[in-house]
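Top line first, the protein sequences correspond to chains Z and V.
The opening residue of the first sequence carries number 1186 in this note's numbering; numbering runs sequentially from there.
The opening residue of the second sequence carries number -9 in this note's numbering; numbering runs sequentially from there.
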Amino acid sequence: MATIGILNLQGDVSEHFEITKQALDEMNVNAKVLKVKNPEYLLKCDAIIISGGESTVIGKLMEKTGIGKLIVDKKIPVMGTCAGMVLLAKKTDYEQPLLGLIDMEVKRNAFGRQKASFEKIIEIFGHKFEGIFIRAPYIEKVGKSVDILSIYNEKIIAVKSGKHIATAFHPELTGDTRIHKYFIKEALNCAE
Amino acid sequence: MLHGTEVLKKGFAKMTKGGVIMDVVNAEQAEIAENAGAVSVMALEKVPADIRTAGGVARMADPSKVIEIMDTVSIPVMAKVRIGHFVEAQILESLGVDMIDESEVLTPADEKYHVDKKKFTIPFVCGARNLGEALRRIDEGAAMIRTKGEAGTGNIVEAVRHMRMIMGGIREIQNKTEEELWGVAREIEAPFELVKETANLGKLPVVNFAAGGVATPADAALMMQLGADGVFVGSGIFKSENPEIVAKAIVEATANYEDAEILAKVSRDLGKAMPGLDMGEIPEEERLQSRGW
């Protein structure tokens, strides 16, 4: 049975856990969801999701536990939201540990502090989606291997690169499973 | 475009889960906290242990202090206002602070009313000793709850009591019928809708942290095992002998709170923890937790 991991170091892990289970149910896919705290758990995963949270904290703990290196070496599909997106980048405007799995440069807290956090309907895959942006980053630059999935106010807010997906917003806080389903489908090569 | 919605306020708090929020009084401490892996810092004039010794009226920090700290770190910055002091809250919001702690550690400004937190764009965290108090604060718009504990003591006993009161209170109401919940709501002086929501969820409808007396990695892990979503550390870090090492150890302990081997490893050679106070040494009227209701 396939296993989707949710990186469980810091952030809104349980929200991703719940919505991933819901997405699998709706897709009728028989897969497990596993909270991943150490390298042994990661070895069981066919894909991993990195939640929102503080990218500096999650990055440091990934380095400390060795999970970061293992995610890169294992070449499994990764989905990252907000802090998770920052961690997937090659470069940010701040010195911190990154996975560098997507050829992009990300600006942290790019829309401003919490006062500027916002909800806005955005477009992704040609459909409307509830965008929840909390001290959100955006993408300043992408390499040739990266497909842009969504733009808001001339800023790149979602991308895909190989089987990796990154969003600046938080689909896990919406109850809308479409982006998680897309990732699961790509990651597990399964039909919905 | 919507700002300051409940989703955004509660969402911000969710992003801090599993993390450690550290009290800092200047840019240098803020940097140490960020490097150690703090998920956020609380900008203060004095840490609670020093507020306790200094006596007098404790107020919101000087805005230039808050700005100095905001300019130093990339992680969110929180700051405290006195209970009921909505103008201090307006000032902090205008500075761009990411979350306000309406805190019993400062001298209360209003003996009857807490701040109407729904009026603000930025989220609030409030202290609580039991389920009723937590739900009253949530009803007023708090996006996050923390135990009051007894700040500035380095003594975990009160935080444990408050977390057990909150979590035990939730366990008690989980199997009750609707009419029984009406009774509970009256008894604990909390709104029925929130009592019902909490009973259904089996947890508070907002993020629930531990605070007030955390001084060691083991304290942090204890609070996490009792059901906290994360930990505030006040005086425990910068009143210890080796703040950098203690800060890192508490971050690791909070992330790995169920792994006794890791806890043993990070608890070693930390140097002297903050001295700490026994509850018997603090007269009833000097206990910070009895501020607010």
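For glycine and all other residues, C-beta sits at the position ideal for the given N, C-alpha and C.
Asked                                                                                                                                                                       : Found
Can you pull out the residues from the segment 1255 to 1280 of chain Z whose beta carbon lies closer than 7 Å to at least one beta carbon of chain V?                       : Tyr1279
Taking 8 Å as the threshold (C-beta atoms), are V/Leu253 and V/Asn232 in contact?                                                                                           : no
Taking V/Asp249 as the reference, which of Z/Ser1240, Z/Leu1194 and Z/Met1264 has the closest Cα?                                                                           : Z/Leu1194
Mind pulling the beta strand (DSSP E) runs of 3 or more residues that sit fully within the segment 133 to 198 of chain V?                                                   : 134 to 137
Applying a beta-carbon distance threshold of less than 7 Å, which residues of chain Z neighbour V/Thr111?                                                                   : Lys1300
Please list, in chain order, the chain V residues whose beta carbon lies closer than 9 Å to that of Z/Arg1320.                                                              : Phe2, Met5, Pro66 and Asp88
Excluding the five sequence neighbours on either side, which residues of its own chain have a C-beta within less than 6 Å of the C-beta of V/Leu278, listed in chain order? : Glu94, Val95 and Ala141
Considering just the uninterrupted stretch of the alpha helix (DSSP H) at Z/Glu1203, what are its terminal residues?                                                        : Val1198 to Met1212
What residues in the segment 239 to 251 of chain V bring their beta carbon closer than 9 Å to a beta carbon of chain Z?                                                     : Val241, Glu242, Thr244, Ala245, Asn246, Glu248 and Asp249
If I follow the unbroken alpha helix (DSSP H) through V/Gly127, where does it start and stop?                                                                               : Strictly speaking, residue 127 of chain V in this sequence is Arg, with Gly absent from that position. Residues Leu121 to Asp129.
Compare the beta carbon distance of Z/Val1221 and Z/Ile1191 with 8 Å and say whether it is the shorter of the two.                                                          : yes
Report the rounded CA-to-CA distance for V/Gly117 versus V/Ser257, giving the unit in angstroms.                                                                            : 28 Å
Just mark Z/Phe1310 as buried or exposed, buried being the case when its beta carbon has 16 or more other beta carbons within 10 Å.                                         : exposed
On a Cα-Cα basis, can you pick out the residue from Z/Asn1294, Z/Gly1360 and Z/Ala1232 that is closest to Z/Met1264?                                                        : Z/Ala1232
Would you please verify whether the beta carbon of V/Glu24 is less than 8 Å from any beta carbon of chain Z?                                                                : yes
Pair every Cβ in the segment 1340 to 1357 of chain Z with every Cβ in the segment 81 to 88 of chain V, then say whether three or more of these pairs are closer than 8 Å.   : no
Within its chain, find whatever has a CB closer than 6 Å to the CB of Z/Ile1319; leave out the 5 residues flanking it on each side and keep chain order.                    : Ser1302
When Cβ atoms are compared, which residues of the segment 1287 to 1299 of chain Z fall closer than 9 Å to chain V?                                                          : Arg1293, Asn1294, Gly1297, Arg1298 and Gln1299
Would you kindly check if the distance between the Cβ of V/Pro113 and the Cβ of V/Ala285 is under 8 Å?                                                                      : Residue 285 of chain V lies beyond the residue range present for chain V, which begins at -9 and ends at 283; the question has no answer from this structure.
From the DSSP output, in three-state form, read off Z/Thr1359 for me.                                                                                                       : coil
What are the boundary residues of the beta strand (DSSP E) that Z/Leu1192 is part of?                                                                                       : Ala1187 to Leu1192
Quick check: the Cα distance between V/His104 and Z/Gly1238, rounded to an integer number of angstroms?                                                                     : 29 Å
Which residues in the same chain as Z/Leu1209 place their Cβ atom closer than 6 Å to its Cβ, once the five residues preceding and following it in sequence are excluded?    : Ala1216
Give the residues of chain V in contact with Z/Glu1304, contact being defined as C-beta atoms less than 7 Å apart.                                                          : Leu(-8), Thr(-5), Val(-3) and Leu(-2)
Would you say Z/Leu1192 lies against chain V (beta-carbon separation less than 8 Å)?                                                                                        : no
Counting pairs of Cβ atoms below 8 Å between the segment 233 to 246 of chain V and the segment 190 to 198 of chain V, do you hit three or more?                             : no
Exposed or buried, what is V/Leu230 when buried is set at 16 or more other beta-carbons lying within 10 Å of its beta-carbon?                                               : The amino acid occupying residue 230 of chain V in the given sequence is Ser; Leu does not appear at that position. Buried: at least 16 other Cβ atoms inside 10 Å.
Quick one: which residues of the segment 24 to 45 of chain V get their C-beta closer than 8 Å to a C-beta of chain Z? List them in chain order.                             : Glu24, Gly27, Ala28, Val29 and Ser30
Taking the straight line between their C-alpha atoms, what separation do you get for V/Glu18 and Z/Gly1251?                                                                 : 29 Å
How about Z/Thr1241: is its C-beta nearer than 8 Å to some C-beta of chain V?                                                                                               : yes
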